[in-house]
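> Quick one: the structure is below, questions incoming.
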Amino acid sequence: MTTTDQPLLSVAGVTKYYGDRMGCADVSFDLWPGEVLAVVGESGSGKTTLLNCISSRLRPTRGSVHYAMRDGQSRSLFEMGEAERRFLMRTDWGFVHQNPADGLRMTVSAGANVGERLMAVGDRHYGRIRGTAIDWLGRVEIAADRIDDQPRAFSGGMRQRLQIARNLVTAPRLVFMDEPTGGLDVSVQARLLDLVRGLVSDLDLSIIVVTHDLAVARLLSHRMMVMKDGHVIETGLTDRVLDDPREPYTQLLVSSILQV
Amino acid sequence: MNPHASGFAAYNFAYLDEQTKRMIRRAILKAIAIPGYQVPFASREMPMPYGWGTGGVQVTAAILGADDTLKVIDQGSDDTTNSVSIRKFFEKTAGVATTTRTADASIIQTRHRIPEEPLKSGQVLVYQVPIPEPLRFLEPRETETRKMHALEEYGLMHVKLYEDIAKNGRIATTYAYPVKIEGRYVMDPSPTPKFDNPKMNDSPALQLFGAGREKRIYAVPPHTEVVSLDFEDHPFEINRFEDTCALCGAEGVYLDEVILDDKGNRMFCCSDTDHCEQRREAGHSGARAGQGLEASQ
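So the protein sequences, as listed, match chains A and B.
Plus 70 on top of the position in the first sequence (first one is 1) and you've got the working numbering.
Plus 113 on top of the position in the second sequence (first one is 1) and you've got the working numbering.
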């Protein structure tokens, strides 16, 4: 973990109402550079709402999100112009969807999927773009000879790895992940988690990962937040929360893990 | 204009009513003010099916005056069904003079080609556009493509060219080749062959684009920069032809392939029929000049 004196992302009092119904309420936390934060909780607990709010995909009803830009300035996400926010999202941020089809362009080749962000920031050299794409496919363990295949010809695990490569190609500092291992079988999950762990330490990434799978949180995250009914009910270091859960709901969650 | 005074009681001048023409003119003025930007307009039903140039016809009807001379081309040709019927349409509804000579026309409506003869200041080229949105095949959502234009997010256009090179080893797009207008908007120059893209750049003529089904008008004003998109290591290139025109011997023009029989005989000739005729009148001739179709059989 790098040491800096300001958090990368600072979330204060984020609340989202869908009409009268509450999505998440009064969530505050800081994310530090190089840190992996897991948000866990059952379906409908407000995890994804929270993720969408802090990644500026949804505008919260109340609360603010500040992000430390590369120049060290802390900026409020919802006071930025849309152009700037979208630029941030495709350069300094990544977003890994649960369903790779949501994050990939399924009808263009793997190479173009990886290269899209490079072209979006103005790279106009085909050879260089392709070289970078091959390099990134290698890093996510996809053979270079698959570069011209469309993601529809890929297995679920490969698609998810391709989605990760597509997000990381511009060397973002913050990646949001929504159930990244959701639809994958356990052995593929394990490999994917291994890969992500390697990338996190190599690239000094900060990640906010939403998951209902405590094993994912255990393997990937340094710190975790437990959500229930839109509220954060417990936060702490991952090992502490999982080994010594304090809230009754967290105890229930931890004890619900199947032991094989 | 008083429809009775024109002698065509059944139609208003140039078919459309005056309010509609005003509405279209407003859209055209806005399009000229923002080169390359697609201006929505309330496209009308025209007495011809979509795909036959309803957008171009509406633009032409809106800008046509009684003393204009109209030329209509389809694939460069003055005598194919589409161009003949649109020319007749305006002869009947507006009574304007028509011509096949590029130099004599004040308004030229075209389906694909830009005439070989350089256009002059004061001429207007009206394109019939089927799909005005260059980003459409990569991004199906209209809300999203509008936002991408607004925020100048054009990386996706290069994704399309990347795919081309990855699949074919070169940029294989030969028509509807995307261009950037005055360094700002990316525009689809309708199904124009990319051979004609360089002619759009800094043209002294006004270029108007009308898409009837998609209800969009856009424009390239005279002397506007039009740059075809490309990669540094795969620069834009126009199609080259090995043959010369079989009828007039012209080089460096866009050629059509004509199948002559079922034994594999074919010839290449100018796609711009007016240009070809003028050259032949001026005494140029190609390999097949003067031969009837029978000669090849």
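Here a beta-carbon is modelled for each residue, glycine too, at the ideal position from N, C-alpha and C.
Between which two residues does the alpha helix (DSSP H) carrying Gln-333 (chain A) extend?
Coverage of chain A is limited to positions 71 through 330, which leaves residue 333 (chain A) absent and any answer about it impossible.
> Taking Cβ to Cβ, would you say Lys-312 (chain B) is nearer than 8 Å to Tyr-290 (chain B)?
Translated into the one-based positions of the second sequence, residue 312 (chain B) becomes position 199. Translated into the one-based positions of the second sequence, residue 290 (chain B) becomes position 177. Contact flag unset, no.
> Under 8 Å between the Cβ atoms of Thr-206 (chain B) and Tyr-331 (chain B)?
Within the second sequence, the letter at position 93 stands for residue 206 (chain B). Within the second sequence, the letter at position 218 stands for residue 331 (chain B). No, the Cβ-Cβ distance between Thr-206 (chain B) and Tyr-331 (chain B) is not below 8 Å.
> Nearest to Asn-310 (chain B) by alpha carbon, out of B:Leu-177, B:Arg-329 and B:Thr-287?
As a working note, residue 310 (chain B) is residue 197 in the second sequence. Minimum Cα distance to Asn-310 (chain B) is reached at B:Thr-287.
> Using a Cβ-Cβ cut-off of 8 Å, state whether Val-178 (chain A) counts as contacting chain B.
Counted from its first residue, the first sequence places residue 178 (chain A) at position 108. Val-178 (chain A) counts as touching chain B.
> Enumerated in chain order, which unbroken segments of the alpha helix (DSSP H) with a length of 4 residues or greater are wholly contained in the region 136 to 185 of chain A?
The region 136 to 185 of chain A contains these whole alpha helix (DSSP H) runs: 152 to 161 and 170 to 173.
> Hey, out of A:Gln-321, A:Asp-96 and A:Arg-243, whose CA is closest to Asp-141 (chain A)'s CA?
By one-based count along the first sequence, residue 141 (chain A) stands at place 71. It is A:Arg-243.
> Could you tell me how far apart the beta carbons of Cys-361 (chain B) and Arg-393 (chain B) are, in whole angstroms, since I believe they sit closer than 8 Å?
Against the second sequence, residue 361 (chain B) aligns to sequence position 248. Against the second sequence, residue 393 (chain B) aligns to sequence position 280. Between Arg-393 (chain B) and Cys-361 (chain B) the Cβ distance is about 5 Å, and since that is below 8 Å, they are a contact.
> Val-125 (chain B) bridges to which residues according to DSSP?
Reading the second sequence from its first residue, position 12 is the one you call residue 125 (chain B). It should be pointed out that residue 125 (chain B) corresponds to Asn in this sequence rather than to Val. Looking at the DSSP assignment, Asn-125 (chain B) forms a beta bridge with B:Tyr-128.
> Check distances from the C-beta atoms of the region 197 to 213 of chain A to those of chain B and list, in chain order, the residues that come in under 7 Å.
Taking 7 Å as the Cβ-Cβ cut-off against chain B, the residues of the region 197 to 213 of chain A that qualify are Gly-197 and Ile-199.
> Given Gly-399 (chain B), which residues of its chain have a CB within under 7 Å of its CB, disregarding the five upstream and five downstream residues?
As a position in the second sequence, residue 399 (chain B) is number 286, starting the count at 1. Hits under 7 Å: Thr-357, Cys-358, Ala-359, Leu-360, Cys-361 and Gly-362.
> Within a Cβ cutoff of 6 Å, which residues of the same chain sit near Ala-174 (chain B), ignoring the five residues on either side of it in sequence?
For the purposes of this step, residue 174 (chain B) is taken as the residue at position 61 of the second sequence. Result list for Ala-174 (chain B): Ala-127, Tyr-128 and Leu-129, in chain order.
> So which of B:Glu-338, B:Thr-211 and B:Asp-369 has the shortest CA-CA distance to Arg-353 (chain B)?
For the purposes of this step, residue 353 (chain B) is identified with residue 240 of the second sequence, where counting begins at 1. If we check each option's Cα against that of Arg-353 (chain B), B:Asp-369 comes out closest.
> Quick one: is the Cβ of Val-191 (chain A) within less than 7 Å of any heavy atom of the ligand FAD?
With respect to the ligand FAD, the structure offers nothing, as it holds no ligand at all.
> State the Cα-Cα distance for the pair Gly-173 (chain A) and Gln-320 (chain B), rounded to the nearest angstrom.
Your numbering for residue 173 (chain A) matches position 103 in the first sequence. Your numbering for residue 320 (chain B) matches position 207 in the second sequence. Cα to Cα, the separation comes out at about 39 Å.
> With burial defined as no fewer than 16 other Cβ atoms inside 10 Å of the residue's Cβ, what is the status of Tyr-240 (chain B): buried or exposed?
In the second sequence, counting from the first residue as 1, residue 240 (chain B) sits at position 127. So Tyr-240 (chain B) counts as buried.
> How long is the line joining the alpha carbons of Asp-96 (chain A) and Met-294 (chain A), rounded to whole angstroms?
Counting from 1 along the first sequence, the entry for residue 96 (chain A) is found at position 26. Counting from 1 along the first sequence, the entry for residue 294 (chain A) is found at position 224. Each residue's Cα considered, the two are about 17 Å apart.
> Out of B:Leu-142, B:Gly-149 and B:Arg-138, point me to the one whose CA is closest to Val-340 (chain B)'s CA.
Looking up residue 340 (chain B) in the second sequence gives position 227. That would be B:Gly-149, whose Cα lies nearest to the Cα of Val-340 (chain B).
> Please return the same chain residues whose Cβ sits closer than 6 Å to the Cβ of Tyr-88 (chain A), not counting the five positions on each side in sequence.
To locate residue 88 (chain A), count along the first sequence from 1; it is residue 18. Closer than 6 Å at the Cβ level, and outside the excluded window around Tyr-88 (chain A), lies no residue.
> Around the Cβ of Leu-406 (chain B), are there at least 16 other Cβ atoms within 10 angstroms (buried) or fewer (exposed)?
For the purposes of this step, residue 406 (chain B) is taken as residue 293 along the second sequence, with counting starting at 1. Here the model assigns Leu-406 (chain B) a pLDDT of 49, short of 50, so the residue's position is not dependable and the matter cannot be decided.
> Could you check whether Leu-232 (chain B) and Thr-211 (chain B) sit closer than 8 Å to each other, using their CB atoms as the reference points?
Here residue 211 (chain B) refers to the residue found at position 98 when the second sequence is read from its first residue. Here residue 232 (chain B) refers to the residue found at position 119 when the second sequence is read from its first residue. No; because the gap between Cβ atoms is not below 8 Å, this pair is not in contact.
> Put Leu-321 (chain B) into one of helix, strand or coil per three-state DSSP.
Residue numbering aside, residue 321 (chain B) sits at position 208 when the second sequence is read from its first letter. Strand, per DSSP.
> DSSP three-state label for Thr-182 (chain B), please.
Indexing the second sequence from 1 puts residue 182 (chain B) at position 69. If DSSP states are grouped into helix, strand and coil, Thr-182 (chain B) belongs with the strands.
> Return helix, strand or coil for Phe-203 (chain B), following the three-state DSSP convention.
The sequence position of residue 203 (chain B) within the second sequence is 90, counting from 1. Here Phe-203 (chain B) sits in helix by DSSP.
> If the criterion is Cβ atoms closer than 8 Å, does the pair Thr-420 (chain B) and Glu-230 (chain B) meet it?
Past the edges of chain B, shown from 114 to 410, lies residue 420 (chain B), and the structure says nothing about it.
> Less than 8 Å separating the beta-carbons of Pro-245 (chain B) and Asp-315 (chain B)?
Taking the second sequence and counting its residues from 1, one reaches residue 245 (chain B) at position 132. Taking the second sequence and counting its residues from 1, one reaches residue 315 (chain B) at position 202. Cβ atoms of Pro-245 (chain B) and Asp-315 (chain B): not closer than 8 Å.
> Starting from Tyr-319 (chain A) and walking both ways along the alpha helix (DSSP H), at which residues does that stretch end?
The sequence position of residue 319 (chain A) within the first sequence is 249, counting from 1. That run of the alpha helix (DSSP H) goes 318 to 325.
> Could you have a look at Glu-255 (chain B) and say whether DSSP puts it in helix, strand or coil?
What you label residue 255 (chain B) is simply residue 142 of the second sequence in a count that begins at 1. Helix, per DSSP.
> Using a Cβ-Cβ cutoff of less than 7 Å, which residues in the same chain neighbour Phe-224 (chain A) once the five nearest sequence positions on both sides are dropped?
By one-based count along the first sequence, residue 224 (chain A) stands at place 154. Result list for Phe-224 (chain A): Leu-232, in chain order.
> Going straight from the alpha carbon of Lys-86 (chain A) to that of Asp-314 (chain A), what length do you get?
For the purposes of this step, residue 86 (chain A) is taken as residue 16 along the first sequence, with counting starting at 1. For the purposes of this step, residue 314 (chain A) is taken as residue 244 along the first sequence, with counting starting at 1. Answer to the nearest angstrom: the Cα atoms are 30 Å apart.
> Shorter than 8 Å from the beta carbon of Ala-279 (chain B) to some beta carbon of chain A?
Here residue 279 (chain B) refers to the residue found at position 166 when the second sequence is read from its first residue. Interface residue, yes.
> Classify Ala-180 (chain A) as buried or exposed, calling it buried when 16 or more other Cβ atoms lie within 10 Å of its own Cβ.
Counting from one through the first sequence, the residue named residue 180 (chain A) turns up at place 110. When all chains shown are included, Ala-180 (chain A) counts as buried.
> Is Ala-182 (chain A) close to chain B, meaning its C-beta is less than 8 Å from at least one C-beta of that chain?
Start at 1 with the first residue of the first sequence, and residue 182 (chain A) comes out as number 112. Closer than 8 Å: yes.
> What is the DSSP secondary structure of Glu-370 (chain B), counted as helix, strand or coil?
By one-based count along the second sequence, residue 370 (chain B) stands at place 257. Glu-370 (chain B) falls in the strand class under three-state DSSP.
> In chain order, what residues of the region 334 to 356 of chain B put their CB closer than 7 Å to some CB of chain A?
Hits within the stretch, in order: Phe-344, Glu-345, Asp-346 and His-347.
> May I have the straight-line CA-CA distance separating Glu-390 (chain B) from Gln-132 (chain B), to the nearest angstrom?
Locating residue 390 (chain B) in the second sequence gives position 277, counting from the first residue. Locating residue 132 (chain B) in the second sequence gives position 19, counting from the first residue. So the alpha carbons of these two residues sit roughly 40 Å apart.
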